[in-house]
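Visitor:
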Ligand SMILES: Cc1cc2nc3c(=O)[nH]c(=O)nc-3n(C[C@H](O)[C@H](O)[C@H](O)COP(=O)(O)O)c2cc1C
């Protein structure tokens, strides 16, 4: 970290963790058609017109090259109870699509039938930002939200909505 910084990496993580987010699994297909997926909480809406969204891809991520070069990707927003799906794509050890039902919308990137909602995107831009790459997608098709609560992430752990 930079010399003038007066907080530690742990303090930085801790502060960021106080911002509650949803969880998404971003998917794409490589040149051979094989699916790839990564769990992220850095998803954000960007623009309504044109419809743009973003997520931040860690340069150390197992599938970095696959996503950094992908022309399309789909953002699957997770529903309450999908911790196992989140965990599955949060490490390179277990990242297969076996036994998961997927469908294609516009780009062919895998969309999970059980996702809360999904945004199928064509890559609009990519910006280097520190140890991450900001990937901006233009939404080509979407899967409307089904009636379910979201899976949340807060202070380093999963959480749920309390109303
Ligand atoms: C809740 C949660 C949020 C995450 N958010 C991101 C993210 O926004 N961007 C990212 O590149 N990786 C994120 N990750 C880590 C990736 O899922 C993980 O690095 C990736 O699946 C590859 O696994 P590896 O770290 O074993 O290489 C997140 C993980 C979890 C559990």
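Residue numbers (this note's numbering): 22 to 184.
C-beta: ideal position from N, C-alpha, C; glycine also.
At which residues does the alpha helix (DSSP H) containing residue 108 begin and terminate?
Guide: What you label residue 108 is simply residue 87 of the chain shown in a count that begins at 1. Taken as a continuous stretch (DSSP letters only), the alpha helix (DSSP H) holding residue 108 covers 104-109.
Visitor: Going by beta carbon distance, what residues of the same chain come within less than 6 Å of residue 65, once the five residues before and after it are set aside?
Guide: Taking the chain shown and counting its residues from 1, one reaches residue 65 at position 44. These residues qualify, in order along the chain: 75.
Visitor: Please state whether DSSP places residue 30 in a helix, a strand or coil.
Guide: Numbered from 1 along the chain shown, position 9 holds the residue referred to as residue 30. Looking at residue 30 - three-state DSSP - the assignment turns out to be helix.
Visitor: What residue does the alpha helix (DSSP H) around residue 89 start on, and which one ends it?
Guide: The residue you call residue 89 lines up with position 68 of the chain shown. Counting along the chain, the alpha helix (DSSP H) containing residue 89 begins and ends at 85-89.
Visitor: If distances are taken between C-alpha atoms only, which option among 68, 149, 82, 134 comes closest to residue 160?
Guide: Locating residue 160 in the chain shown gives position 139, where the first residue counts as 1. Out of 68, 149, 82, 134, 68 has the C-alpha closest to the C-alpha of residue 160.
Visitor: When you compare each of 99, 165, 125, 103 to residue 49 by their alpha carbons, which one comes out closest?
Guide: Within the chain shown, residue 49 is the residue found at index 28, counting from 1. Selected option, being the one with the closest Cα: 125.
Visitor: Looking only at C-alpha atoms, which of 81, 171, 54, 147 sits nearest to residue 136?
Guide: As a position in the chain shown, residue 136 is number 115, starting the count at 1. With distances taken between Cα atoms, residue 136 lies closest to 171.
Visitor: Are the beta-carbon atoms belonging to residue 110 and residue 46 less than 7 Å from one another?
Guide: Counted from its first residue, the chain shown places residue 110 at position 89. Counted from its first residue, the chain shown places residue 46 at position 25. Yes, these two residues count as a Cβ contact at 7 Å.
Visitor: Where does residue 108 land, buried or exposed, given buried means 16+ other C-beta within 10 angstroms?
Guide: Along the chain shown, one-based indexing puts residue 108 at 87. Under this definition residue 108 is an exposed residue.
Visitor: Could you give the residue range of the beta strand (DSSP E) that holds residue 144?
Guide: The residue labelled residue 144 in the question sits at position 123 within the chain shown. It spans 138-150 - the beta strand (DSSP E) in which residue 144 sits, taken as one unbroken run.
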